[in-house]
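**Q** In terms of this note's numbering, the sequence shown opens at residue 143 and continues consecutively. Cβ atoms here follow ideal geometry from the backbone N, Cα and C, with glycine treated the same way. Take a look at the following structure, please.
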Amino acid sequence: MKNKVLKRFIAYTLIAFSIFFTLPAIDYGFNDAPIAYAAGQYNLPLKTEDGVMLHAYMWRFKDIKNMLPEIAQAGYNSIQVSPVQGTKGTGQWWLLYQPTNFHIGNAQLGSYNDFKDLCNEAKKYGIDIIVDVVLNHVAEGNSPGQWSDAVAAELKRHELYHNRGAIGNYKDREQVTQQNLGGLPDLATQRQDVQDMHIAFLNECIDAGAGGFRFDAAKHIETNKYEDAGKPWQGNYWDRVLGSIRNKDSLYLVGEVLPDSGDNYQAYLTYFDITAHGYGGSLRNAVTSKNLTGLGTINHGNHTLPANKSFVYVENHDDYEHNVSRSLGQWERKMAFAVAAARAEVTPRFLARPLEALWKDADVVAVNKFRNAMVGKDEYLRWTRNETMIIERGNAGMVIVNVGGNAYIDSPTRLKDGVYTNKATGNATLQVTNGKVRGDIPGGSIIVLYNENGSGNDGDNSGDDKEPTILGDTVAINPATPIIGQSFTLTYNAKNRPLHGASIVKAHWGYDGWKGVTQTNMISKGNNIWEVTLNVPTQAQNKIDIVFTDGSRWDNNDSKDWSIGVKEDEGGGEVEDPIVIPTKTLSYNVEGNTIKVIYYAKDRPLHGASIVKAHWGYDGWKGITQTSMTSKGENIWEVILNIPSQAQNKIDIVFTDGSKWDNNNNKDWSIKTEKDNGEGPIIPTETFGYKTEGNTIKITYYAKDRPLHGTSVVKAYWGYDNWNGISETNMISKGNNIWEVTLQIPAQARNKIDIVFNDGSRWDNNNNRDWAIQIR
């Protein structure tokens with residue numbers, strides 16, 4: 143965004159000579175040969191983030207409306223339009239990013255009615271219209287920092303602006319949010335009257351049919367979090383504006399947050415997805431250098447972003463207009479796009495450049511349709527060489543991007559056995575047998591492999607309406623009909639099943655049509671028998687849905703899943719206590735350096751709570767921590783706490799659900815501790831420790847005084863041999879900011895495990911050095 147202001151010199155020339163242009167007719171490729179598509183059905187995902195967005199850059203509303211059938215046929219479920227606000231002239235692209243008002247309609251794109259007609263028509267195709275909105279500033283006038291004469295009268299008030307001159311240092315957070323982008327007058331977005339104008343404008347767009355927004359220059363509008371918290375310039379803009387727009391939960395929101403040391407990206411991640419601009423550069427560089435191995439991590443400057451908050455693209459309009467990416471050819475761009483669009487969780491966008499129709503190229507369309515067919519499938523990345531990357535989705539399909547020469551693929555895979563023919567243009571047929579995919583692929587090609595009939599389900603069938611499957615020799619449960627809120631034992635016989643011989647098995651389960659999906663490690667009982675005790679969620683009404691996985695292969699009952707009927711407690715029977723019944727309200731058991739604490743909430747202040755946390759410290763409330771407890775049903779809660787090494791005498795503890803407290807009638811509880819003279823748990827040096835046991839590694843992460851200090855969830859983000867085969871695994875809280883997980887070393891790993899940690903928004907990557915565990 144900041145480079146846009148360089149164009150103001152052109153503006154001065156135009157104004158000086160009073161020359162005004164009209165936008166020339168643009169060829170969008172409408173008359174090219176039609177693409178191939180499955181007639182009659184678009185099969186577009188309902189949610190914007192599950193599909194692919196077309197950036198109809200500088201397209202008129204009426205032209206987009208006319209092209210909707212072809213856009214839907216090409217597999218796009220959303221369209222980003224250029225800024226809809228009033229402008230001070232025509233002829234230059236950047237004029238759209240210098241608004242004169244906060245209303246719909248301009249000479250370049252069309253009127254309010256044109257926009258509304260487009261939105262209404264798009265809905266018929268299952269396509270959302272995403273509006274690029276400019277809220278940070280208004281159009282520049284004849285001198286830097288002065289508004290244009292064309293700006294609406296209500297915006298010609300000095301007090302509506304920060305009036306502090308241009309940004310001189312883009313690493314200075316105060317300057318970035320409180321000073322002008324070049325000569326563009328920077329709105330005082332802390333003011334309620336400015337916010338009210340923006341709220342009204344956004345609601346005007348929503349009422350006309352908009353399905354979401356891209357917030358241009360979002361990082362230049364202050365927050366009240368992270369780098370802005372407690373600072374003189376902090377403001378409630380995003381909380382108040384986003385909290386006041388209609389139908390917010392049904393909209394797709396993304397903010398332009400270009401990476402720099404003053405971007406405060408962590409704050410913006412709490413409001414919306416953000417532009418993974420650095421990853422776009424990585425995609426371009428990877429294709430031109432013919433080395434795709436660094437594309438596993440979604441980089442954002444010196445940060446990394448979680449996939450489910452990343453808005454990814456090969457190029458944006460600034461890259462194109464400022465000649466950053468303009469020299470990149472069609473082949474390079476579609477190869478890079480294939481990597482981005484095939485990946486899980488990210489939201490990809492394709493820039494439709496003027497005067498070309500690459501957006502409906504057969505290879506691009508094949509990748510779009512692949513993505514649409516893979517909604518809900520997880521991701522596994524592999525590289526067979528620097529030039530060849532495989533993006534595998536569940537066990538249902540894969541995209542192979544080959545920027546090198548002809549190659550023979552012989553790679554592990556989770557795909558089901560069978561013969562797969564490329565759905566893109568390259569001539570390739572590959573065979574999958576016994577967990578291997580093999581075949582020749584042409585150089586410089588995109589290979590798209592999947593079965594359109596839906597075979598290859600990976601077990602996540604959210605929303606499927608199936609009859610419960612009768613449990614047979616493979617799955618057994620005890621009791622026969624589990625009771626809601628109570629535990630049951632599940633036994634899985636992997637013999638002669640897809641997981642036969644697995645060294646680890648996880649129960650992948652949810653309830654009532656795959657709500658609340660969870661993965662729980664099972665315990666090996668030997669001879670391919672696995673067992674786990676699960677607690678039926680109190681929210682469950684009808685059934686438990688379940689499949690099994692070893693992390694790469696799946697047993698989903700031949701795509702039918704297993705279903706276990708559940709029922710309410712009918713009373714009269716005895717509830718099996720998961721642990722020794724506590725006396726009074728609290729019981730505990732000290733085991734070495736840990737304490738198992740059991741809290742009975744029945745008839746206490748937290749009776750019936752849906753969540754309970756242990757609020758605890760040591761030796762008179764030092765080192766206070768809150769740790770989530772596990773419901774055992776019947777108002778019984780349990781947690782295992784790690785005794786801090788500093789503790790000398792006792793653990794102090796009370797309980798809370800976040801609003802109510804049980805503090806033992808103002809007396810608290812105290813648990814005497816005894817020092818463990820044995821080996822005890824792994825004590826990491828500094829932040830990170832590990833212990834290798836056969837083919838597994840037990841990882842311990844100390845979050846204290848690290849970026850993830852105090853977080854309620856931590857995930858290990860890991861791969862092997864320089865970030866091959868990236869996975870994300872939930873860690874278990876041991877209390878006191880200590881987190882633990884046991885990982886299975888992949889059979890393909892040769893030298894090391896690469897690992898960092900995140901809570902879904904913040905990351906600890908060892909100060910950009912990552913951690914590595916040597917395994918050979």
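Less than 6 Å between C-beta atoms, sequence neighbours within five positions excluded: which residues of the same chain meet that for residue 203?
**A** Answer for residue 203: 251, 252, 256, 257 and 260, listed in chain order.
**Q** What are the boundary residues of the alpha helix (DSSP H) that includes residue 421?
**A** 419-431
**Q** When you compare only the Cα positions, how much space is there between residue 883 and residue 274?
**A** Straight through space, the alpha carbons of residue 274 and residue 883 are spaced by roughly 42 Å.
**Q** Mind pulling the beta strand (DSSP E) runs of 3 or more residues that sit fully within the segment 485-537?
**A** 489-493, 521-527 and 530-535
**Q** Using the beta-carbon count (16 or more within 10 Å), is residue 328 buried or exposed?
**A** buried
**Q** In chain order, what are the residue ranges of uninterrupted beta strand (DSSP E) at least 3 long that sit wholly in the segment 371-416?
**A** 394-397
**Q** By the DSSP assignment, the alpha helix (DSSP H) with residue 809 in it spans what residues?
**A** From DSSP, residue 809 is part of no alpha helix (DSSP H); its letter is neither H nor E.
**Q** Kindly list the residues whose CB is nearer than 7 Å to the CB of residue 786, restricted to its own chain and excluding five residues on each side of it in sequence; keep chain order.
**A** 760, 765 and 878
**Q** Kindly provide the ranges of any alpha helix (DSSP H) runs that are 4 or more residues long and lie completely inside the segment 247-274, ordered along the chain.
**A** 254-266
**Q** In terms of residue numbering, what span does the beta strand (DSSP E) encompassing residue 195 cover?
**A** 195-198 is the span of the beta strand (DSSP E), which, as asked, contains residue 195.
**Q** Find out if the Cβ-Cβ distance for the pair residue 470, residue 457 is shorter than 9 Å.
**A** yes
**Q** Using 8 Å as the threshold, is the segment 351-371 in touch with the segment 270-286, meaning 3 or more CB pairs across them?
**A** Look at the beta carbons and you see the segment 351-371 touching the segment 270-286: at least three pairs across the two are nearer than 8 Å.
**Q** Near residue 411, which residues of its chain fall below 7 Å by C-beta distance, leaving aside the five closest residues on each side in sequence?
**A** 451 and 903
**Q** Please report the straight-line C-alpha distance between residue 637 and residue 661, rounded to a whole angstrom.
**A** 21 Å
**Q** How many angstroms separate the CA atom of residue 917 from the CA atom of residue 895?
**A** C-alpha separation (whole angstroms): 7 Å.
**Q** To the nearest angstrom, report how far apart residue 344 and residue 387 are at their CA atoms.
**A** 7 Å
**Q** Pairs of beta-carbons, one from the segment 839-856 and one from the segment 739-754, closer than 8 Å: are there three or more?
**A** no
**Q** Whole angstroms is fine: what's the gap from residue 225's alpha carbon to residue 801's?
**A** Answer to the nearest angstrom: the Cα atoms are 43 Å apart.
**Q** Report, in whole angstroms, the separation of the C-beta atoms of residue 444 and residue 910, which I expect to be a contact under 8 Å.
**A** 6 Å
**Q** Counting Cβ pairs closer than 8 Å, one from the segment 413-420 and one from the segment 286-304, do we hit at least three?
**A** no
**Q** Buried or exposed: which applies to residue 718, given that a residue is buried once 16 or more other Cβ atoms fall within 10 Å of its Cβ?
**A** Only weak support is given to the placement of residue 718: the predicted model assigns it a pLDDT of 32, under 50, and the value that follows is read from those uncertain coordinates. With fewer than 16 Cβ atoms within 10 Å of its Cβ, residue 718 is classed as exposed.
**Q** Could you pull the DSSP bridge partners for residue 859 from this structure?
**A** 870 and 898
**Q** Taking 7 Å as the limit between beta carbons, can you name the residues of its chain near residue 424, skipping five residues before and five after?
**A** 436, 437 and 441
**Q** Determine contact between the segment 582-592 and the segment 666-673, defined as no fewer than three beta-carbon pairs at a distance below 8 Å.
**A** no
**Q** Can the beta-carbon of residue 402 be found closer than 9 Å to that of residue 318?
**A** In this structure, residue 318 lies closer than 9 Å to residue 402 by Cβ.
**Q** Sorted by chain position, which residues of the same chain lie with C-beta nearer than 6 Å to residue 683's C-beta, five sequence neighbours on each side aside?
**A** 654
**Q** What's the gap between the Cα of residue 866 and the Cα of residue 521?
**A** Within the model, the alpha-carbon separation for residue 866 versus residue 521 is close to 12 Å.
**Q** At what residues does the beta strand (DSSP E) containing residue 326 begin and finish?
**A** Taken as a continuous stretch (DSSP letters only), residue 326 belongs to no beta strand (DSSP E), as it is neither H nor E.
**Q** So what's residue 175 in DSSP terms, helix, strand or just coil?
**A** The pLDDT assigned to residue 175 is 31, lower than 50, so where the model puts this residue is not dependable, and the model offers no usable value.
**Q** What span of residues does the alpha helix (DSSP H) with residue 204 cover, start to end?
**A** 203-215
**Q** Is residue 693 near residue 646, with beta carbons less than 9 Å apart?
**A** yes
**Q** Is the segment 534-541 close to the segment 496-516, with three or more CB pairs under 8 Å?
**A** yes
**Q** Where does residue 883 fall in DSSP's three states?
**A** strand
**Q** Residue 475: buried (16+ other C-beta within 10 angstroms of its C-beta) or exposed?
**A** buried
**Q** Any chance the segment 376-386 sits against the segment 332-342, with 3 or more Cβ pairs inside 8 Å?
**A** yes
**Q** Determine the direct distance from the alpha carbon of residue 287 to that of residue 301, and round the result to whole angstroms.
**A** Roughly 13 Å separates the two Cα atoms.
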